[in-house]
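Enquirer: Here's a structure for you.
Numbering (the numbering used here), first residue to last: 15 to 113.
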């Protein structure tokens, strides 16, 4: 199947005492992910009303680009560190529809 551009919305709730650690961890992830082949944008947002809640909004050219990202050295090294300080996580992929 020929996929159109893919949007990923990845939500995390971070342990209250680990928010600064999380922000430090994701700096490198964001910087390197934005340079990857097939990345269109890679942005992190923090909930205004709940400072423990974060969401990555990522746009990728195609599924192959996402697979390469998920297998990159920085992703495989940083995500397990983030998982240690998360209370919960959810990631959803969306295909852009051309209307």
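Every residue gets a Cβ at the ideal spot worked out from N, C-alpha and C, and that includes glycine.
All figures in this text were calculated on a predicted structure; none of them were measured in a lab.
Smallest Cα separation from residue 60: which of 30, 54 and 78?
Expert: Closest by alpha carbon: 30.
Enquirer: Taking only three categories from DSSP, how would you classify residue 111?
Expert: DSSP places residue 111 in coil when its eight states are reduced to three.
Enquirer: Pull up the distance between the alpha-carbon of residue 40 and that of residue 77, whole angstroms please.
Expert: Approximately 22 Å, taken between the alpha carbons.
Enquirer: Which stretch, first to last residue, makes up the alpha helix (DSSP H) that contains residue 86?
Expert: Note, residue 86: premise wrong, no alpha helix (DSSP H); not H, not E.
Enquirer: Residue 72 by DSSP, collapsed to three states: which one?
Expert: Correct three-state label for residue 72: strand.
Enquirer: With DSSP as the reference, please indicate the residues paired to residue 40 in a beta bridge.
Expert: According to DSSP, which records beta bridges pairwise, residue 40 is partnered with nothing at all.
Enquirer: Once you ignore the five residues that flank residue 47 on each side, which residues in its own chain have a CB closer than 7 Å to its CB?
Expert: 53, 56 and 83, listed in sequence order.
Enquirer: So, is residue 113 buried or exposed, given that buried needs 16 or more other C-beta atoms within 10 angstroms?
Expert: The residue is exposed, with fewer than 16 neighbouring Cβ atoms inside 10 Å.
Enquirer: Just how far apart, CA to CA, sit residue 21 and residue 33?
Expert: Approximately 25 Å, taken between the alpha carbons.
Enquirer: Rank 37, 108, 19 and 109 by C-alpha distance to the C-alpha of residue 66 and give the top, closest one.
Expert: Residue 66 has its Cα closest to that of 37, out of 37, 108, 19 and 109.
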